[in-house]
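In the order they appear, the protein sequences are chains P and H.
Following the numbering used here, the residues of the first sequence are numbered contiguously, the last one being 1099.
Following the numbering used here, the residues of the second sequence are numbered contiguously, the last one being 871.
Just so you know, even glycine gets a beta-carbon here, dropped at the ideal spot from N, CA and C.
Notes follow once the structure below has been shown.
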Amino acid sequence: MTAASTPGATPAQAARINTRVLVMGLVIVVPLIAILVLNLGRDPHTVRSPLVGRPAPAFSLVPIGGGDPVSLESLRGRPVVINFWATWCVPCFQEHAALAAAARGLRDVRFLGVVYEDEEVRTQAFLQQRESAYPSLMDPEGKTAIAYGVFGVPETFFIDRAGRIVEKYVGPLERSTISELVARARSGGP
Amino acid sequence: MVPILGRTLILLALLIASAGALVGFVTGARPSGVGWTWTRRLAYAFAALMALANLTMEYALLTHDFSVSYVAHVGSRSVPTWVSIVSLWSSLEGSILFWGLVMGAYIAVATWQNRDKHPEYMPYAVGVWLACGAFFSFLLAGPAQPFATVLNPQADGPGPNALLQNHYLMVIHPPFLYSGYVGMTIPFGLACAALLVGRLGHDFIRPLRDMLLLPWIFLTVAIVLGGWWAYEVLGWGGYWAWDPVENASFLPWLTATAALHSALLVERKAVLKGWTVTLVIATYLLTILGTFMTRSGVFNSVHSFTQSAIGPTILVFLAAALLFTVVLLTLRVDTLAAEGRLETGPSRDVMFLVQNLLFVLFTFTVLLGTVFPLVVEAVRGVQMSVGRPYFDKMALPIGVALLFVMGVGPALPWGRATKEQLRGALLPPLIGAAVLAAAGLALGVRSPWTLVALFFGGFTAQVTLSEILLPVRQRMRSHGEGVLDAFLEAQRRGRRRLGAYIVHAGAMIVIVAIGVSSTMGTSKEIQLREGETTTVGAYTLTFVKAEAISEPHRQSARAQMDISRNGRSLGTLYPSMNQYESQREPIGTPAVRTSLTEDLYLSIHNIDTDTGSVGLLVLVNPMVSWIWIATAVMALGGLVALVPAWRREPAAVQARAPAASTPPEGAPG
Chain P
910 MTAASTPGAT
920 PAQAARINTR
930 VLVMGLVIVV
940 PLIAILVLNL
950 GRDPHTVRSP
960 LVGRPAPAFS
970 LVPIGGGDPV
980 SLESLRGRPV
990 VINFWATWCV
1000 PCFQEHAALA
1010 AAARGLRDVR
1020 FLGVVYEDEE
1030 VRTQAFLQQR
1040 ESAYPSLMDP
1050 EGKTAIAYGV
1060 FGVPETFFID
1070 RAGRIVEKYV
1080 GPLERSTISE
1090 LVARARSGGP
Chain H
203 MVPILGRTLI
213 LLALLIASAG
223 ALVGFVTGAR
233 PSGVGWTWTR
243 RLAYAFAALM
253 ALANLTMEYA
263 LLTHDFSVSY
273 VAHVGSRSVP
283 TWVSIVSLWS
293 SLEGSILFWG
303 LVMGAYIAVA
313 TWQNRDKHPE
323 YMPYAVGVWL
333 ACGAFFSFLL
343 AGPAQPFATV
353 LNPQADGPGP
363 NALLQNHYLM
373 VIHPPFLYSG
383 YVGMTIPFGL
393 ACAALLVGRL
403 GHDFIRPLRD
413 MLLLPWIFLT
423 VAIVLGGWWA
433 YEVLGWGGYW
443 AWDPVENASF
453 LPWLTATAAL
463 HSALLVERKA
473 VLKGWTVTLV
483 IATYLLTILG
493 TFMTRSGVFN
503 SVHSFTQSAI
513 GPTILVFLAA
523 ALLFTVVLLT
533 LRVDTLAAEG
543 RLETGPSRDV
553 MFLVQNLLFV
563 LFTFTVLLGT
573 VFPLVVEAVR
583 GVQMSVGRPY
593 FDKMALPIGV
603 ALLFVMGVGP
613 ALPWGRATKE
623 QLRGALLPPL
633 IGAAVLAAAG
643 LALGVRSPWT
653 LVALFFGGFT
663 AQVTLSEILL
673 PVRQRMRSHG
683 EGVLDAFLEA
693 QRRGRRRLGA
703 YIVHAGAMIV
713 IVAIGVSSTM
723 GTSKEIQLRE
733 GETTTVGAYT
743 LTFVKAEAIS
753 EPHRQSARAQ
763 MDISRNGRSL
773 GTLYPSMNQY
783 ESQREPIGTP
793 AVRTSLTEDL
803 YLSIHNIDTD
813 TGSVGLLVLV
823 NPMVSWIWIA
833 TAVMALGGLV
843 ALVPAWRREP
853 AAVQARAPAA
863 STPPEGAPG
């Protein structure tokens, strides 16, 4: 790559093997192939969360725009739906209306949003344009997202009255799916 | 019958391509007239077989022959005829077959064009093309077989992917994309030939550049058509999301653009030969990587094209091609020694280098972001995704830097420049820069990056315009011609130069329009009942009614929205939700009112025709239409630059001769 255009390369040099090109080429090529091979046959849509069936990690986070922190502990005794989202995420956008409608309809369930890798100003503007039916919390260093093993938004966790994770859903939710999963969280298990 | 005919054609194509590759390589190593004649014959035969196989498939699609597996997979009696025709590229096997058609056409044309030129390079080049052709024939013969026999054919089929039927852009996007992707095979073959021969002469860089430019035009258009389609169909109001599949088309575009520029330095100064060849090869390899990304199901993408079995086969080909080219470069790149040297210091030469490095940096940035989730998955067993913020953050400074180089590069003279020359070149365009930035400020632009983009955009615009007009002015002065005569004559003598600056003008507008549209828009999400009214910006929207429409192949629910702006009626928009027979989920079709200044964009989230309510996303997007217009300008510029290459030489010879009076033919930085 680099040595190719060195000015003044003589014909004598020309016949030689260019080891710099070889090394650089292999440094790029070999890991790339290895990574692709290792990922063959993997379905990117399957989700394995070791958290399902376990107590949901505790958190105490401040809502967007400030206010008293909301902790998971304080919601014990009610089913909880935690939705990780961001304004830059297209599917989050699509599912927002369904989540808001569900939050208005299902009065016994507590809905929470947790902002994933986004700025407070943007999320505030996003929510002001839409009717937000439940609080969204800032997760400044992404600690809660890490604790929940979030790898890409949207991801939604359904938690039962005892604070156990019953279900994890990846991708945009529809109204019917929410009802179904909330029903499972209400009954305390799958 | 038809399945057997199809399979026979594919097997013959595989045989012919393999034989042609072999004959080509042998003839390259031991030149002979007979060998070259047979290499060409086999190349034409491959193209003919691919064309026949495609015709056979079209026949099967149109006659609804459900004994052909591909027809059973995507065909349907209830779809319109045009849908049957374009079903060819609606699904995996058919699109690979179509790919073969495009490839055959490219190979045949490129072989014919060079049938009596470049005798030492061409057998190798055709050999490489046919080796690639053999691989795709192999895919069609086995892993992605479109002509398998269905033993008990059904009376009807499910019809193609609903997205294909939903919008005409999805019908024309794939052919453009394939013409871009597949076309990169041709410069790849030429680059490999240069390495195998151990020479990249002045006469051979011209065909290399032209054969790179043609697929580049297609790829440019295809990328933007894809974005336009997303904008018109997907309903989230944007045109680019750094999805792996989008990145797959963008990566080879970046390296091809870099190669088009470095090829100019090869032509003018006989430097950067190995580098240019490497960029061309990288471009082809990235198209194969892109094919793997879209076809293997490994990448998590909103497109989620296919989860197919051809992933491993493409990966083997990719690995083989990567190792082959690395070894080839290692052994031969030093034979392409530079004959001239590059100037240092502030000059157009150096700006070319900066441009190239920026494009390569951009390529690595996007590649890293695309592949990184796979690395994490493989190393730590954890799934993750790289969000848009990473790409946006990285693309912003690189895009602005490219805008800067695109302005400053062409302003600077070739070679060394004195301080006075530099001042004379760089100070006047500051007027254009200041004007555009001030206009932006006056119109309410406050984002610093957008203002910087406007500033450099104005600089680039003035430089580009004055470079286009420079030869005209010179002719008017020296030959006493009128404006029109001078322009026509100047453009006849410097078509490639003119074309390149037209592309620059388009690119500058695209970058500025992206900056403005992504920072200056407004949006609102709202639930309306029939008769209710809402306002967004200067627009007033009235939801008149929700109505259901039934068509043979789909059911639609649409909202009738009366639009007015500042009290003046602008007519009615119908955003809709379409339910196709073959699809579980409905597909929304936004309604967009496009104007030169801004788009009004309505997208339905939910609609209920019984109760008469609709959930709407309303966006006002400034300057978006300029992205589409400017892309057309870029394509036009590419064509202007390409045309003289296909007329016989006189124009090119003339253009090189009077180097003293007109600026050198070729392009900017």
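- The criterion of a C-beta distance shorter than 8 angstroms is not satisfied by Val1079 (chain P) and Arg1093 (chain P).
- Under the three-state reduction of DSSP, Ser339 (chain H) is assigned to helix.
- Non-local C-beta neighbours of Cys998 (chain P) in its own chain, meaning closer than 7 angstroms and more than five positions away in sequence, comprise Val1062, Pro1063, ordered along the chain.
- In the structure shown, Phe968 (chain P) adopts coil according to DSSP, grouped into three states.
- For Glu749 (chain H), there is no enclosing alpha helix (DSSP H); the residue is found in the beta strand (DSSP E) stretching over 741-753.
- For the 8 angstroms CB-CB criterion, Gly701 (chain H) and Val665 (chain H) do not form a contact.
- Proximity of Ile1055 (chain P) to chain H, defined by a Cβ-Cβ separation below 8 angstroms, is not satisfied.
- In chain order, Ser725, Lys726, Glu727 make up the part of chain H whose C-beta sits under 7 angstroms from the C-beta of Gln1038 (chain P).
- Note on the stretch 672-715 of chain H: whole alpha helix (DSSP H) runs with a minimum of 4 residues are 685-695, in chain order.
- Scanning H:Leu517, H:Ile419, H:Asp405, H:Trp455 for the CA closest to the CA of Ala472 (chain H) turns up H:Asp405.
- Between Ala327 (chain H) and Leu397 (chain H) a beta carbon distance of about 11 angstroms is seen, past the 8 angstroms cut, so the two are scored as non-contacting.
- The Cβ atoms of Leu414 (chain H) and Pro389 (chain H) lie closer than 8 angstroms to each other.
- Bridge pairing for Met763 (chain H): H:Phe745, H:Leu775 [DSSP].
- Taking 8 angstroms as the cut-off, the Cβ atoms of Thr833 (chain H) and Gly739 (chain H) do not count as close.
- Between Ile937 (chain P) and Glu1029 (chain P) a beta carbon distance of about 39 angstroms is seen, past the 8 angstroms cut, so the two are scored as non-contacting.
- About 13 angstroms separates the beta carbon of Thr662 (chain H) from that of Gly717 (chain H), a gap too long to meet the 8 angstroms contact definition.
- Annotation: Phe1066 (chain P) has no Cβ neighbours in chain H at a cutoff of 9 angstroms; minimum Cβ distance is about 15 angstroms.
- Residue pairing by DSSP places Ala613 (chain H) in no beta bridge whatsoever.
- Judged by their CB atoms, Ala522 (chain H) and Lys475 (chain H) are not nearer to each other than the 8 angstroms cut-off.
- The contact set of Asn948 (chain P) on chain H, defined by CB atoms closer than 8 angstroms, consists of Val500, Leu576, Glu579, Ala580 in chain order.
- Taking every protein chain shown into account, the CB of Met495 (chain H) has 16 or more other CB atoms within 10 angstroms, so this residue is buried.
- Counting along the chain, the unbroken alpha helix (DSSP H) around Pro389 (chain H) starts and ends at 387-399.
- In the three-state DSSP reduction, Pro325 (chain H) falls in the helix class (H, G or I).
- Inter-residue distance for Val562 (chain H) and Ser771 (chain H) is about 49 angstroms (C-alpha atoms, whole angstroms).
- Within 10 angstroms of the beta-carbon of His706 (chain H) lie 16 or more other beta-carbons, which makes it buried.
- Taking 9 angstroms as the cut-off between beta carbons, the residues of the stretch 521-534 of chain H near chain P are Ala521, Leu524, Leu525, Thr527, Val528, Val529, Leu531, Thr532, Leu533, Arg534, in sequence order.
- Looking at H:Thr791, H:Pro409, H:Ala424, H:Leu819, the one whose alpha-carbon comes closest to that of Gln729 (chain H) is H:Leu819.
- For Arg1031 (chain P), no Cβ of chain H is located within less than 8 angstroms of the residue's own Cβ.
- Around Trp997 (chain P), the beta-carbon contacts reaching into chain H at under 7 angstroms are Gly589, Arg590, Pro591.
- Under DSSP, Trp314 (chain H) forms no beta bridge with any residue.
- For Ile490 (chain H), the secondary structure class from DSSP, reduced to helix, strand or coil, is helix.
- Rounded to whole angstroms, Leu949 (chain P) and Ile942 (chain P) show a C-alpha spacing of 11 angstroms.
- Within the DSSP bridge table, the entry for Thr724 (chain H) names H:Val822 as partners.
- When the beta-carbon positions are compared, Ala450 (chain H) and Gly492 (chain H) come within less than 8 angstroms of each other.
- Close CB contacts of Trp616 (chain H) within its chain, under the 6 angstroms cut and outside five residues either way in sequence, are with Arg550 (chain order).
- Taking a C-beta distance under 8 angstroms as the contact criterion, Met825 (chain H) and Ala715 (chain H) qualify as a contact pair.
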